[in-house]
Amino acid sequence: MRSITFLPSCVPFVGAHGDRRPAREAVKEGALVTALCMAVLPVMAQADVTWQLPTAVQSAAEVARPVQRRNWRTPSRPPFVRDAAGRAQIAPADRPPVPLFDLGTVVTTGFSGTVLKRPLTRPGQVEPDLDAPRYRFLNPNGAVATLLGADGIGFAHNGAELTRAPYDKILARDVGQVFGIAIDNEDFRNLYLGASSAYGLNIVGADVDEDNVPDRLLTGDPGATWMGAQWGNDVTAGPGSIWRVSGETGQVSLFANVHLDGQENTGPGLGNIAFDGDHDQLFVSDLQTGLIHRFDLFGQEQGLFDHGAGLQTPVEFDPAGVMDITSPRFDGEDPDSWGFAAPARRVWGMAVHGGRLFYAVAEGPEIWSVGIDRETGEFLDDARWELSVSDKHPVLEVSDIAFTGDGAMVLAQRGARLGDFEHKALTRARKAEVLRYVYENPEDPETPSAWVEEPTLYPVGFAANMTNALGGVAVGPRYDDTGSWDMRTCGGTLWTTGESLRTHRDLRAALELGGELEIDGLQAQPVVLDLTGNMPPWRSYFSDFDGRYDSAEFTGQVGDVEVLGCRGRGGHSEDYVTWADTGLPTGDGPDTGWDTDADYNNTGGGCIGASCVPTCLLYPWLCGGGGGDPAPEPCLAVQEVATCDPVTGTYTWNGQFSDVNGNGLDQIKITDAAGMLGNISADQSLTQAFSTSLAGLAPGQPAQLTLCGYNAADKATGQPYACCNASVTITAPDATCEKEAN
């Protein structure tokens, strides 16, 4: 039998109505007791039980649920408008002028999907086959980027689907098909999206058969043009476009077009985008030239980096190899005809870390880095090889890179490109991995790289070998046991994109309890749990990109992911302090939670709100508190054991609770936060044993009980009463409960 001790959380309850008073209301009334209580409660974690962060702290720190809701809609205006030259252009979406981001936002990109264009039929004509791909066109009203409010889930990781819908969507009619994402660090964070061929290239010709539907073309033709919703509605937009979504108003505009000496990108599109918060600049990789471009936040190009030119045997850009949709050499189902740069110089994934830009080269694949000048933000002439992905792993391009709080580098692969006239199979499925590399400690001078040669893997999805990645990776705040973001651990959750994430033949019954199976979208899991600690990945959340729930024959439909940073900050890594002169912890150490901005490092008694509560009382981790504070006295303990019932062949969880510190607790409320155990909700005597069946849980699958120990007499007064608020995670034994034969 296992014994677990819980610590108190200072959460005042209102007995008459059962609701909590928000901390901001308490602050307005001068109730500094709440703030003082917060200041001495560090987050505690013991075994598989984690302290619930008090609701008052979450409210005061403004990390709670999204509050801004956007009734996004497709245009009420005609679907097309004419430009000055009389050419038809897709009309932009009607977007209300409100701030873009809610706190706790995760941004994902993906394919817009398709829509049927019904042909005109004349009397006597044979009815056309509307299932034919020639009548399927890019959906201008399909989402290509979704904004999900990912805080306040209500339960811990348990392998379930998050059924909440995105609170905002960016449509293909505005930006076309996009992959790369970046979020800047302005007062109102702006979103940047990069044009992409990751979901295929689509061209059309004249309406030769006069059925009122443009003729879809498989190969290039002198009269070919890009299909609508391929690159967005701006007349100057194309495969090299970077789009900006205003953080202040939510409006979409063309930020910049990537080009080389006036030559535009002709089709391969852009790779990824990385934001450098130390210099307020963006890096973007061009898949046609292999170059990395550097832009300021006004959309002005500031410099270029050419990886191929700096190789020992230079591999130069060949302008003769660019694609041309008017040439028969272009084949929409053959990515080799799409004009990509040579693999030795082609860059896709990028990330800024420790004063350097890390980038992924297709050949190998390999990871390199180049320095960023501390003063000017320019590229330094010091490119260096970091590592090569070993041949034990699929030879696939790395489309995204992220760094964890302990300095590990995480690489996300994307399946090989497939051109599909039917818009279904866009990548080769279920082969791509998410790999975690760490530095050698101590560094071995005999090895060519400073990184440990063999990476560990993160599981992505349940199916196959848990290698269902789609090329996006990001690190965000840790979740506590209530499914709320813990802003004290900015890099505690790993977000990855993937497909068929909740399918597994042998686990189907257990997975169905937690939602849909064919999830193409996001997986969120603790960053500390790699394949060995989360296999299969029950300790995860899953979310579908756009609610289509495509079948397994649809592959490659999702792209990149980015998380709005800690405490509402921007998209660059906040677990690191790049320059040593800040006087704060520097370099690649563990997640310190420190930020370089003075407003977040205020230890001088700054004020928040009208009542001027000292910053350090509401945000103690910003003032050096937390780690060295004495632990509060325990208030609740549970002895628990799982037993096999040979009659039913199922496990039962049995728990016995006790008030270990004499706080007068005599009642306990037990709830099943995620509904995995049958939506338990019970008030009972604290000393009464509690049992619940684990039927329906697969071996190793977790569930959760939320506990509130209180004094019944205090509750009966109708006044605020104290509650020892905690959670316990129950895991079904990883062994079969054998049923006795009759």
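Quick note: the sequence shown uses this note's numbering, first residue 2, plus one each step. We put the CB at the ideal spot given by N, CA and C, even for glycine. A quick note: this is a predicted structure, and the numbers were derived from the prediction, not measured.
Using the three-state DSSP reduction, which class does GLU513 fall into: helix, strand or coil? Within the sequence shown, residue 513 is the residue found at index 512, counting from 1. Helix at GLU513.
I need the straight-line Cα distance from THR616 to GLY233, nearest angstrom please. Counted from its first residue, the sequence shown places residue 616 at position 615. Counted from its first residue, the sequence shown places residue 233 at position 232. Bear in mind that a pLDDT of 36 at THR616, under 50, signals an unreliable position, so the model cannot answer this.
Note down, one range per segment and in chain order, each alpha helix (DSSP H) of at least 4 residues found wholly within the region 408–449. none
Could you tell me whether the region 351–363 touches the region 312–330, where touching means 3 or more Cβ pairs closer than 8 Å? no
Beta-carbon proximity check, VAL214 vs PRO120, cutoff 8 Å: The residue given as residue 214 occupies position 213 in the sequence shown. The residue given as residue 120 occupies position 119 in the sequence shown. Going by C-beta atoms, VAL214 is nearer than 8 Å to PRO120.
With a threshold of 16 other CB atoms inside 10 Å of the CB of ASN466, please say whether the residue is buried or exposed. Here residue 466 corresponds to residue number 465 of the sequence shown, with the count starting at 1. Result: exposed.
Assign THR730 to one of three DSSP states: helix, strand, or coil. Residue mapping note: residue 730 aligns to position 729 of the sequence shown, counting from 1. It is a strand residue.
The beta strand (DSSP E) that contains ASP169, what's its start and end? As a working mapping, residue 169 is identified with position 168 in the sequence shown. 169–172 is the extent of the beta strand (DSSP E) around ASP169.
Inter-residue Cα distance where the pair is GLU444 and ALA464: The count along the sequence shown starts at 1 and reaches residue 444 at position 443. The count along the sequence shown starts at 1 and reaches residue 464 at position 463. Approximately 36 Å between the Cα atoms of the pair.
Decide if ARG96 is buried, meaning its Cβ has at least 16 other Cβ atoms within 10 Å, or exposed. The residue labelled residue 96 in the question sits at position 95 within the sequence shown. Buried, because 16 or more other Cβ atoms sit within 10 Å of the Cβ of ARG96.
Quick check on DSSP: helix, strand or coil for SER682? In the sequence shown, residue 682 corresponds to position 681, counting from 1. In the structure shown, SER682 sits in a strand (DSSP, three-state: E or B).
Assigned exposure category for TRP434 - 16 Cβ within 10 Å defines buried: Sequence index remark: in the sequence shown, residue 434 carries index 433 (1-based). The question names Trp, but residue 434 is Glu in the sequence shown. That one is buried.
Roughly how many angstroms separate the alpha carbons of ALA196 and ASP175, rounded to a whole number? In the sequence shown, residue 196 corresponds to position 195, counting from 1. In the sequence shown, residue 175 corresponds to position 174, counting from 1. ALA196 and ASP175: Cα-Cα distance of roughly 11 Å.
Under 7 Å Cβ to Cβ from ARG190, same chain only, skipping five residues before and after it: list those, please. In the sequence shown, counting from the first residue as 1, residue 190 sits at position 189. The answer, listed in chain order, is PHE102, ILE184, GLY248, LEU565, GLY571.
Quick one: grab the DSSP three-state call for ALA65. On the sequence shown, residue 65 is found 64 positions in, with the first residue counted as 1. Residue placement at ALA65 is flagged as unreliable, the pLDDT there being 32, under the threshold of 50; a coordinate-derived value is accordingly withheld.
Among GLY701, ILE731, GLN720, which has the Cα closest to the Cα of GLN640? Reading the sequence shown from its first residue, position 639 is the one you call residue 640. Closest by alpha carbon: ILE731.
Give a yes or no on contact between the region 447–461 and the region 483–491, applying the rule of three or more CB pairs nearer than 8 Å. no
Can you tell me whether DSSP reads CYS724 as helix, strand or coil? Indexing the sequence shown from 1 puts residue 724 at position 723. In the structure shown, CYS724 sits in coil (DSSP, three-state: anything other than H, G, I, E or B).
Pick from HIS424, PRO456, VAL476, LEU508: whose alpha carbon is nearest that of SER552? One-based indexing of the sequence shown puts residue 552 at position 551. Of the candidates HIS424, PRO456, VAL476, LEU508, the one whose C-alpha sits nearest the C-alpha of SER552 is HIS424.
Outcome for PRO478 when other beta-carbon atoms lying within 10 angstroms are tallied against a minimum of 16: Numbered from 1 along the sequence shown, position 477 holds the residue referred to as residue 478. When all chains shown are included, PRO478 counts as buried.
CA-CA distance, SER77 and GLY239? The sequence position of residue 77 within the sequence shown is 76, counting from 1. The sequence position of residue 239 within the sequence shown is 238, counting from 1. Low per-residue confidence applies at SER77: pLDDT is 49, beneath 50, and the placement is therefore not dependable, though the value from the model is reported in the following sentence. For SER77 and GLY239, the distance between alpha carbons rounds to 25 Å.
Output the distance between the C-alpha atoms of LYS393 and THR267, rounded to the nearest integer angstrom. Working through the sequence shown from its first residue, we reach residue 393 at position 392. Working through the sequence shown from its first residue, we reach residue 267 at position 266. Looking at the two C-alpha atoms, the distance is approximately 35 Å.
Looking at the unbroken alpha helix (DSSP H) that takes in ASP545, where does it start and where does it end? As a first step, residue 545 must be located in the sequence shown, where it is residue number 544. Counting along the chain, ASP545 falls outside any alpha helix (DSSP H), though it belongs to the beta strand (DSSP E) covering 542–545.
Under 8 Å by Cβ, that's how I've got ALA417 and LEU397 pegged, so tell me the actual separation to the nearest angstrom. What you label residue 417 is simply residue 416 of the sequence shown in a count that begins at 1. What you label residue 397 is simply residue 396 of the sequence shown in a count that begins at 1. Right, the Cβ-Cβ distance comes to about 6 Å (below 8 Å), so this counts as a contact.
Per DSSP, which residues does CYS491 bridge with? Please list them. Indexing the sequence shown from 1 puts residue 491 at position 490. CYS491 pairs with nothing; no bridge assigned.
Coil, strand or helix - TYR550 by DSSP: Walking along the sequence shown from the start, residue 550 turns up at place 549. In this structure, TYR550 counts as coil in the three-state DSSP scheme.
With a threshold of 16 other CB atoms inside 10 Å of the CB of ARG165, please say whether the residue is buried or exposed. For this step, residue 165 is matched to residue 164 along the sequence shown. It is exposed - the Cβ of ARG165 has fewer than 16 other Cβ atoms within 10 Å.
How is VAL176 classed by DSSP in three states: helix, strand or coil? Translated into the one-based positions of the sequence shown, residue 176 becomes position 175. Helix at VAL176.
For SER659: DSSP bridge partner residues: For the purposes of this step, residue 659 is taken as residue 658 along the sequence shown, with counting starting at 1. In DSSP, SER659 forms a bridge with ALA638.
Distance check for VAL399 and PRO366, CA to CA, integer angstroms please. Taking the sequence shown and counting its residues from 1, one reaches residue 366 at position 365. Taking the sequence shown and counting its residues from 1, one reaches residue 399 at position 398. Cα to Cα, PRO366 sits roughly 7 Å from VAL399.
Cβ atoms of SER501 and GLY534: under 8 Å apart, would you say? Taking the first residue of the sequence shown as 1, we reach residue 534 at position 533. Taking the first residue of the sequence shown as 1, we reach residue 501 at position 500. No.
Buried or exposed (CB count within 10 angstroms, at least 16 for buried), GLN524: For the purposes of this step, residue 524 is taken as the residue at position 523 of the sequence shown. The residue is buried, with at least 16 neighbouring Cβ atoms inside 10 Å.
Rounded to whole angstroms, what is the Cα-Cα separation between TYR542 and ASP673? On the sequence shown, residue 542 is found 541 positions in, with the first residue counted as 1. On the sequence shown, residue 673 is found 672 positions in, with the first residue counted as 1. Computed Cα separation, rounded: 17 Å.
Roughly how many angstroms lie between the CA atoms of ALA384 and MET410, to the nearest whole one? Reading the sequence shown from its first residue, position 383 is the one you call residue 384. Reading the sequence shown from its first residue, position 409 is the one you call residue 410. Near 18 Å, if we compare the C-alpha coordinates of MET410 and ALA384.
Within a Cβ cutoff of 6 Å, which residues of the same chain sit near ILE154, ignoring the five residues on either side of it in sequence? Against the sequence shown, residue 154 aligns to sequence position 153. So the list reads GLY484, once near-sequence residues are dropped.
Relative to the alpha-carbon of ILE402, which residue among ALA451, GLY493, THR497 has its alpha-carbon at the smallest distance? Mapped onto the sequence shown, residue 402 falls at position 401. The shortest C-alpha separation from ILE402 is found at THR497.
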